[in-house]
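**Q** So the sequence lines, in the order shown, correspond to chains A and B.
The letter at position 387 of the first sequence is residue 545 when you use this note's numbering, and the numbering goes up by one with no holes.
The letter at position 115 of the second sequence is residue 130 when you use this note's numbering, and the numbering goes up by one with no holes.
Cβ atoms here follow ideal geometry from the backbone N, Cα and C, with glycine treated the same way.
Input: one structure, supplied below.
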Amino acid sequence: MGDFFTLVDWAVEDAGFWGRLIGVVAVWAVPITVWVSVVGLFSIWLERKVSAHIQCRLGPMEVGPHGALQTLADGIKLLAKEDIIPQGADRFLFALAPILSFVGSFVVFAVVPFGPHLIIADLNLGIYFLAAIGSIEAIGVIAAGWASNNKWSVFGAVRAATQVVSYEIPLSLSLVTIACLAGTLSTIGIVESQAGWIWNWFLFRNPFMVISFLIFYIASLAECKRAPFDLPEAESELVSGFHTEYSGMRFAIFFLAEYAAMYVVSAMGAVLFLGGWYTGIEPLDSWLTTSPVLGNVVGALAIITKAFFLVFVQMWLRWTLPRIRLDQMMYLCFKVLVPVGMVVFMAAAFWQGVFGAPDLGGLGSKFGLAWFVVVVVGTTLWVKKTIRRTKGYASANFLEHQARLGHDVGVS
Amino acid sequence: MNEHTGIAVALVLAGVIAGGMVWLASILGKKNPTPGKLAPFECGNEPIALPTGRLAIKFYMTAILFILFDVELVFLYPWAVLYRDLGVLGLTEMFIFLGVLLVGFVYAWDNGALEWK
């Protein structure tokens, strides 16, 4: 257990308040800022590449290797753009909104542990903080839509409000389920209670947690306003929703905030359900705890890999599923996710009470192993069946597409 | 100094970064406001209607529903943390609490509060 202050204390003996404050700003603030920027730039590049390859295109290729510096070039271009505040807009709110949105998604990084010691603030209210501060981003979005003096923006803003407010409930239900299993709200504590083999992860802790993870994932998609829940910025109906009137750097900040939020919810998914910084191989993890430096480095790599995998799935979903309607969105939340989430919460709490007790001789862990095997085998069979069912369709489309292009796909 | 200082540092830093980028852009970008550019976007037409603050009541209904559920969830957090210590009695009490809420939920569903129309 420890946070960055212990690291600062370890580096500078008896630093005092101001010394520690400067230490925190220098040691933590600079790397995390760079990291958020790298995550933002990389995610935007990844989104363009993933969308391109899903649509049999190549995406950005010119700036840097495979277009890796394209986003940076776009950012520099946006810096030189005119700063437009439309006529009739509420100038103060209009200027404040993107900053509020960015602050909301940036501050949540404070409770994401990248390793046993790589956390800014090990709050004992960690996931409650996530639920509370994560919503500030939505306030920025609502303020943006309201301040723009444009009806598309107002529609986007009320949709964003409705959506974020509604999906807060299933999201909190799955957070509470995790708190019930871990017995703490601290993110460090939650990860530490998933130590050991891969079946100790909360995803495999009992049969209901897979459903809880799905609820968390769907709700986090909606909280991030990602497709298929991108109603607040539905470009075919609302031009681009709440940021119709935004351009230049203010738009870029909204964009960055969206991608930072995507990354944060994915990292939190990894922390809550996928064992955080643990690799899931028990001997390796217990060896890593003996070396703080190596433990933190490998831990950070593990959690970043897991988080980017979840980010990739978000992008995959975006370019696969069509946008749902507003009434479907509300139906899914209040008539599917909330009742299912409540039942899952009660069942998981009950299961934890019966099988999670230490005096049962680690029966929970043995069950975890069995359930892990069931989930892996079941998923494999389901994927194989789906591939078999869709194979003819997909390959026919693919060949037709190739023929129309007149060349091999992948070479443009 | 405790954990909350880290949060405060992060808050200030985020504000400075975002504000700084906008400030930099306002310095570097050129200024050429024209009436057409500053008009609200309406696909090139004159805006037919501007937002007047009147919106469908169903958005308001959703907000009320959210408050009901969120108050319930606030009660669940402390219970979940102390769940292991509370034992069977705590589990029973929470099941009764959730049962009462579930009755309310079914009632709201039956009355059409969850319909989007």
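In whole angstroms, give me the CA-to-CA distance for Asn47(B) and Gly433(A).
**A** Each residue's alpha carbon lies about 53 Å from the other.
**Q** Just checking my contact of Pro386(A) with Leu475(A) at CB under 8 Å: how many whole Å lie between their CB atoms?
**A** Indeed they touch by this definition, with Cβ atoms about 7 Å apart.
**Q** Just to confirm before moving on: does the CB-CB distance between Pro575(A) and Ile346(A) stay below 7 Å?
**A** With chain A covering 159 to 570 only, the question about residue 575(A) has no answer from this structure.
**Q** Run through the segment 223-309 of chain A for me and flag every whole beta strand (DSSP E) of 3 or more residues, listed as ranges in chain order.
**A** If we require 3 residues or more, the segment 223-309 of chain A turns out to have no beta strand (DSSP E) run fully inside it.
**Q** Are the C-beta atoms of Gly160(A) and some chain B residue less than 7 Å apart?
**A** Low local confidence applies: a pLDDT of 45 at Gly160(A) is under 50, so the model's placement there is unreliable, with the coordinate-based value given in what follows. No - not a single Cβ of chain B is within 7 Å of the one on Gly160(A).
**Q** In this structure, how does DSSP classify Lys383(A) when only helix, strand and coil are distinguished?
**A** In the structure shown, Lys383(A) sits in coil (DSSP, three-state: anything other than H, G, I, E or B).
**Q** Measure the C-alpha to C-alpha separation of Tyr156(A) and Gly457(A) and round it to an integer number of angstroms.
**A** Outside the shown range of chain A (159 to 570) lies residue 156(A), about which nothing can therefore be said.
**Q** When burial is assigned at 16 or more other CB atoms within 10 Å of the CB, is Asp517(A) buried or exposed?
**A** Confidence in Asp517(A) is poor, its pLDDT being 48 and thus under 50, which makes the residue's placement unreliable; the coordinate value appears in the next sentence. Answer is exposed; the Cβ neighbour count stays below 16.
**Q** Would the segment 299-307 of chain A and the segment 326-334 of chain A be scored as touching if the rule is three or more Cβ pairs under 8 Å?
**A** Segments in contact, no.
**Q** My assumption, with CB atoms under 8 Å, is that Leu430(A) sits in contact with Ile336(A). Please give the rounded CB distance.
**A** Indeed they touch by this definition, with Cβ atoms about 5 Å apart.
**Q** If I measure Cβ to Cβ from Leu479(A) and keep anything under 8 Å in the same chain, skipping five residues before and after, which residues do I get?
**A** Closer than 8 Å at the Cβ level, and outside the excluded window around Leu479(A), lie Ala385 and Pro386.
**Q** Can you name, in chain order, every residue of its own chain whose Cβ lies under 6 Å from the Cβ of Val502(A), other than the five neighbours on each side?
**A** Cβ neighbours of Val502(A) beyond the five flanking positions: Phe366, Ile369 and Ser370.
**Q** Are there any heavy atoms of the ligand MN lying less than 6 Å away from the beta-carbon of Cys382(A), as far as the coordinates show?
**A** As for the ligand MN, it is missing from this structure, which has no ligand bound.
**Q** Which residues of chain B have a Cβ atom closer than 9 Å to the Cβ of Pro244(A), listed in chain order?
**A** Going along chain B in sequence order, the residues near Pro244(A) (Cβ under 9 Å) are Lys52, Leu53, Ala54, Pro55 and Phe56.
**Q** If you draw a straight line from the alpha carbon of Ile190(A) to that of Phe264(A), how long is it in whole angstroms?
**A** Going by the C-alpha atoms only, they are around 9 Å apart.
**Q** Strictly under 7 Å for the Cβ-Cβ distance: is Thr77(B) near chain A by that measure?
**A** Output row for Thr77(B): interface = yes.
**Q** Taking all protein chains shown into account, do 16 or more other C-beta atoms lie within 10 angstroms of the C-beta of Thr77(B), making it buried, or fewer, making it exposed?
**A** With 16 or more other Cβ atoms within 10 Å, it is buried.
**Q** Against chain B, with Cβ distances strictly below 7 Å, would Ser449(A) count as a contact?
**A** With 7 Å as the cut-off, Ser449(A) does not count as an interface residue toward chain B.
**Q** Between the segment 229-236 of chain A and the segment 287-301 of chain A, do at least 3 Cβ pairs fall closer than 8 Å?
**A** No: fewer than three Cβ pairs fall under 8 Å.
**Q** Quick one: which chain B residues come within Cβ less than 9 Å of Ala238(A)?
**A** Chain B residues near Ala238(A): Ala40, Leu43, Gly44 and Lys45.
**Q** Mind checking Asp280(A): buried by the 16 CB within 10 Å criterion, or exposed?
**A** With 16 or more Cβ atoms within 10 Å of its Cβ, Asp280(A) is classed as buried.
**Q** Taking Glu326(A) as the query, report the chain B residues whose CB atoms sit under 8 Å from its CB, ordered along the chain.
**A** Within chain B, the residues near Glu326(A) are Phe81 and Asp85.
**Q** Which residues, in chain order, does the segment 258-278 of chain A contribute to contact with chain B at a C-beta distance below 8 Å?
**A** Correct list: Phe260, Val261, Phe264, Val265, Phe267, Ala268 and Ile278.
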